[in-house]
Structures are given as C-alpha cells and as structure tokens.
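Worksheet: one structure, shown below.
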Amino acid sequence: MSRRRLFGALAVAVLLAATAAGLLRSSAPDADPVREVARDLRCPACQGESVADSTSPIAAAMRQAVADQLAQGRSPAQIRRWFADRYGDEVLAGAPAGGMSLLLWAVPAVALLGAGGAAIRTLRPRRRRRAGAPRRSPAAAGTAPVTRVPAARRVWWASGAGIVALVVTVAVAAERLDGGGPPAAPADPVAVTLQLARDLEQRQRYDAAAELYRDALRDHPDDGVQLRLGFALLRAGDAAGAERTVRDVLTRSPDSPDGLLVLGLAQRRTRPADAPVTLRRFLTVAPHHPAAAEITRLLDR
Numbered sequence: 071m072s073r074r075r076l077f078g079a080l081a082v083a084v085l086l087a088a089t090a091a092g093l094l095r096s097s098a099p100d101a102d103p104v105r106e107v108a109r110d111l112r113c114p115a116c117q118g119e120s121v122a123d124s125t126s127p128i129a130a131a132m133r134q135a136v137a138d139q140l141a142q143g144r145s146p147a148q149i150r151r152w153f154a155d156r157y158g159d160e161v162l163a164g165a166p167a168g169g170m171s172l173l174l175w176a177v178p179a180v181a182l183l184g185a186g187g188a189a190i191r192t193l194r195p196r197r198r199r200r201a202g203a204p205r206r207s208p209a210a211a212g213t214a215p216v217t218r219v220p221a222a223r224r225v226w227w228a229s230g231a232g233i234v235a236l237v238v239t240v241a242v243a244a245e246r247l248d249g250g251g252p253p254a255a256p257a258d259p260v261a262v263t264l265q266l267a268r269d270l271e272q273r274q275r276y277d278a279a280a281e282l283y284r285d286a287l288r289d290h291p292d293d294g295v296q297l298r299l300g301f302a303l304l305r306a307g308d309a310a311g312a313e314r315t316v317r318d319v320l321t322r323s324p325d326s327p328d329g330l331l332v333l334g335l336a337q338r339r340t341r342p343a344d345a346p347v348t349l350r351r352f353l354t355v356a357p358h359h360p361a362a363a364e365i366t367r368l369l370d371r
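Just so we're aligned, residue 71 is where the sequence shown starts under our numbering, counting upward by one.
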C-alpha cells in the first residue's frame, strides 16, 4: 500500500472512530438515574447551570425531590412534568427532540455514511483499459495492471471536506440548540425555593425546609417567609430558633396571629410559664384562626 493510500485509510478510520464515539456518548444513559433527570432541569438560582451540576441549596433540594420520586417508581418523564407543572416550563433545561434538534442525530449518521462511501471509493483498486486496446477476456483480466481513477481522489477529498463541514455543523448546532432556541427566562428562584420548602414540609423534612426558607429570606426578606421558617424550626424541634425567628416579626407586627401562635408553642418548650399568656393573646387577636380550637383545648387541659 502506498503512503498516500495509507494516509487516506488512517484519516477515514479516525473520522469513523470519532463520529461513532460521538454517537455513543450522546446516546449513552447516565449511570446515576438522579443525575440523568437532574441534568434536564435548570437551577433557578444559578446562571446556565443544571440541577445536576449546581451546588446551591435549591439544586440540592431539587435533586432530593428527584430521588424521592424515583424511589416512588415515577419515570424520568413524569418527574420532569411534575417540576414543570409546579414551577413552570422555565425549569426545564432542554427542549424535546424534534425539528432542527434532530440535526444533532442526523449529522453524525450522515458523516458515518459519507466516510464509509469515501473509503470504499478511494481505497478500492480499479482496472481500466487503455484507449484502443482490445477487450480482454475475463481470464486475462486478472493480470491487467491496476490503476487509480483520478476521479476517486476527488471523491475522497470532497467527502473529507464534507465530513469536516458536517462535524462543524454539529458543534454549532449543539451550541445553538442546547436550550431549544433563544434562552428561556429563568424560573423565579424565590418562588421555586418557597414551593420546594413547602413540599419538604409536607414530607415532614422540616430541617431541609428551614434551610430553604433561610435561603429565600436572604434574597427576599418577608415576614410571611420568616413565619414559615419559624413553623419549620418549631416542627424540626428547634424551639429556641423558632422563638428568635418570630420575635423579629412581632417586633414589627405585635399582633401577628401566626407570630403569636409560633411564639406560644415555642415557649411551651423554652419557657412554659409564659406560654399560656402568649397563647391567650393569640386567641384574643385571632379567635377564628384555623388553630384556635386546638389552642383552646390545649389551654383547657
């Protein structure tokens, strides 16, 4: 084999191997099922990071929500839909395959076919008859000199240039189609954080919910959020922390029903003698509060 033909064979082999590796890499599932789902979710508190890659508290809570739902037997598609329904489509990091995004699958396949065709046309020896020479019988044809058709080289170089162009197209398409078109507006991080915290409370994961409420308060100071933090701390067993939290709210709003309720319940653990006074004040301020009947029974014991 001549040096030129050897170089052509090596070039074709490299292109085939690279394209096949790209196809395998793009189609291979992630070994971690939680990460596989999380990489399709956008971190609301980060810039351009997926939930799988982010180290923020909200991303950690979203990964935990994914793990919980996988343990319940939900499919990745159902989990992604659950997040989209609760937090908006903006939380989804990728677009469904279709339209122009199919280019990311079609181009490597075309590149494989093109490289294979170029290899066959270029490397296959051909026999040709000199002009005016008599036609040889099939038996004698086996001894004819082997020559290369000049067009085959042109086919090879054209195919090689086409493959390079296709690979570049894949890279450009991957960059532009990664978000399914123009970048979607990120989901409101505070809204997502608060919803996740409420979800964690429903699953009785009060410590984790309290962390998310603290995270939301740093970005959006609000008495309502601070009261939710107080409730979460109280249910997590941190009565002293709950008391400190709601006292800040009561400083600004002395007659806050929820503030008085959390403070009174916290005082039953920290200062039992003061709790009845606070809880009776709560009943005076909000006699029709949903918790009023239970607090009345508690004081009558």
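No residue lacks a Cβ here, since even glycine has one placed at the ideal position from N, Cα and C.
What you are looking at is a predicted structure, and each value in this text was computed from that prediction instead of being measured.
The shortest C-alpha to C-alpha distance from A280 to any of A361, D289, R268 is the one to R268.
Sequence-distant Cβ neighbours of R298 in its own chain, meaning closer than 6 Å and more than five residues away, are Y283. If you draw a straight line from the Cα of F301 to the Cα of P327, it is about 13 Å long.
Counting only unbroken stretches of 4 or more residues, the alpha helix (DSSP H) elements lying wholly within the region 136 to 160 are 146 to 157, in sequence order. Apart from the 5 residues on each side of it in sequence, T315 sits with its Cβ closer than 7 Å to the Cβ of Q296, L299, G300, L303 in its chain, given in chain order. The three-state secondary structure of R109, taken from DSSP, is coil. Here the C-alpha atom of L368 lies approximately 40 Å from the C-alpha atom of L140.
By the 16-neighbour rule on beta-carbons within 10 angstroms, T354 is exposed. By the criterion of at least three beta-carbon pairs nearer than 8 Å, the region 259 to 279 is in contact with the region 128 to 144. Counting only the Cα atoms, D285 lies some 19 Å from R273.
A straight-line Cα-Cα distance of about 49 Å links T366 and Q117.
Contact between A336 and E313 holds: their C-beta atoms lie close to 4 Å from each other, under 8 Å. Beta-bridge pairing by DSSP links L162 to L111.
For the options G143, I149, F153, the alpha carbon positioned closest to that of T263 is the one of F153. Per the coordinates, the alpha-carbon of D123 lies some 36 Å from the alpha-carbon of V319.
Cα atoms of D292 and V104: separation of roughly 33 Å, rounded to the nearest angstrom. Cβ-Cβ distances below 7 Å link R351 to L330 in the same chain, with the five nearest sequence neighbours on each side left out; the list follows chain order. Residue range 362 to 370 is occupied by the alpha helix (DSSP H) that includes A362. The alpha carbon of D138 has as its nearest neighbour, out of V107, R339, A163, E160, the alpha carbon of V107. Secondary structure note for V121: it is in no alpha helix (DSSP H), with a DSSP letter that is neither H nor E. Pairing A356 with A362, the inter-Cα distance amounts to about 7 Å.
In this structure G307 is exposed. Its beta-carbon is surrounded by fewer than 16 other beta-carbon atoms within 10 angstroms. Cβ-Cβ separation between D102 and R150: approximately 16 Å, too far for a contact (criterion under 8 Å).
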